[in-house]
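Q: Okay, here's the structure, questions in a sec.
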Amino acid sequence: MIEVKNLHFSYYQKSLLKNISFEVGQGEFLGILGPNGGGKSTLMKNMLKNLDYESGEICVLGKDLKDFSLKEFARISGYVPQSSQLKTPLKVLDVLLMSKYVGLKHSFSGYSQKDKDEAVKLAKSLKFEDFLERNVLSLSGGEFQRVLLARAILKNPKILFLDEPTSALDLNYAIELLNLCESLIKERNIAVVAILHDLNLASMFCSRILFIKEGKICYDGKVNELFTEERLKEIYDLNCKVLMQEDKPYILAIK
Numbered sequence: 002m003i004e005v006k007n008l009h010f011s012y013y014q015k016s017l018l019k020n021i022s023f024e025v026g027q028g029e030f031l032g033i034l035g036p037n038g039g040g041k042s043t044l045m046k047n048m049l050k051n052l053d054y055e056s057g058e059i060c061v062l063g064k065d066l067k068d069f070s071l072k073e074f075a076r077i078s079g080y081v082p083q084s085s086q087l088k089t090p091l092k093v094l095d096v097l098l099m100s101k102y103v104g105l106k107h108s109f110s111g112y113s114q115k116d117k118d119e120a121v122k123l124a125k126s127l128k129f130e131d132f133l134e135r136n137v138l139s140l141s142g143g144e145f146q147r148v149l150l151a152r153a154i155l156k157n158p159k160i161l162f163l164d165e166p167t168s169a170l171d172l173n174y175a176i177e178l179l180n181l182c183e184s185l186i187k188e189r190n191i192a193v194v195a196i197l198h199d200l201n202l203a204s205m206f207c208s209r210i211l212f213i214k215e216g217k218i219c220y221d222g223k224v225n226e227l228f229t230e231e232r233l234k235e236i237y238d239l240n241c242k243v244l245m246q247e248d249k250p251y252i253l254a255i256k
């Protein structure tokens with residue numbers, strides 16, 4: 002689904018990504034982890050065409066990312082940001098329907114009843130149908146994050162990008178949101194690429210982990226292989242205990 006080869010990116014002559022190479026397969030839930038300032042968000046912005054890398058290659062579905070128009074790339078990808086800059090007092094339903102814009106024949110054709118029905122159905126499944134007519138700016142952080150996820154899902158993407166999607170959510174909603182992403186992988190065989198800070202959520206849901214530090218990939222592998230006390234000390238300078246529960250490692254930080 003995605004192939005990144007020897008990617009380099011600099012900003013104001015400072016090298017932020019150095020020789021990044023990895024692949025993301027169909028049906029995979031890839032977690033990008035690492036300390037703050039390590040290059041995780043910069044990498045995702047390059048993968049989303051928001052930044053222009055200076056050298057290397059990113060291929061999506063066998064096509065060079067630079068050969069996609071923004072509209073073409075929007076048709077195959079969904080994106081859930083950590084936070085949104087939306088300031089317009091739109092109805093929740095109108096925000097959801099934004100996802101259908103790239104499929105319109107022309108800008109003034111309007112959304113079909115089918116588009117609206119799909120949005121309502123998904124809102125019901127995510128348990129926020131009661132505020133479809135509400136001003137989106139009146140929502141709590143957790144409610145708004147579910148709307149952003151629903152908007153991304155409505156595009157029927159082949160690849161779903163998540164940038165710290167659970168940062169505004171309590172643990173119950175965070176698990177619910179990632180459960181939904183896991184279900185999408187199984188039902189639609191899509192790929193999910195997620196930046197996560199919560200190590201235990203990553204352990205629960207990610208099929209594979211990239212550890213990025215100082216602009217480089219330090220480790221690439223399965224959670225059970227990478228979540229060790231020695232490795233987490235190396236990556237995060239974190240003192241912790243790793244506890245196994247149902248064959249998954251969980252991290253207990255030590256003061």
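Start counting at 1 in the sequence shown, then tack on 1, and there's your number in the working numbering.
Beta carbons: idealized from backbone N, C-alpha and C, even for Gly.
Specify the secondary structure class of ASP164 as computed by DSSP and reduced to three states.
A: strand
Q: When you compare each of TYR80, VAL25, HIS9 to LEU211 by their alpha carbons, which one comes out closest?
A: VAL25
Q: Quick check: what's the CA-CA separation for LEU34 versus ASN180?
A: 19 Å
Q: Please name the residue, chosen from MET99, GLY142, LEU185, that lies closest to SER113 on a Cα-to-Cα basis.
A: MET99
Q: Just grab the DSSP bridge partners of LEU8 for me.
A: Its beta-bridge partners are ILE21.
Q: Tell me the DSSP secondary structure of ASN136 in three-state form.
A: strand
Q: Within the continuous beta strand (DSSP E) that includes CYS241, where are the two ends?
A: 241 to 246
Q: With respect to the alpha helix (DSSP H) encompassing ILE186, which residues constitute its N-terminal and C-terminal limits?
A: 172 to 189
Q: Would you decide whether GLU231 is buried or exposed? Buried here means 16 or more other CB atoms lie within 10 Å of its CB.
A: exposed
Q: According to DSSP, simplified to helix, strand and coil, what is GLU119?
A: helix
Q: Excluding five sequence neighbours on each side, which residues of the same chain lie with their C-beta closer than 8 Å to the C-beta of MET245?
A: TYR251
Q: So the alpha helix (DSSP H) LYS214 belongs to, where does it begin and stop?
A: LYS214 -> not in any alpha helix (DSSP H); beta strand (DSSP E) instead, spanning 209 to 214.
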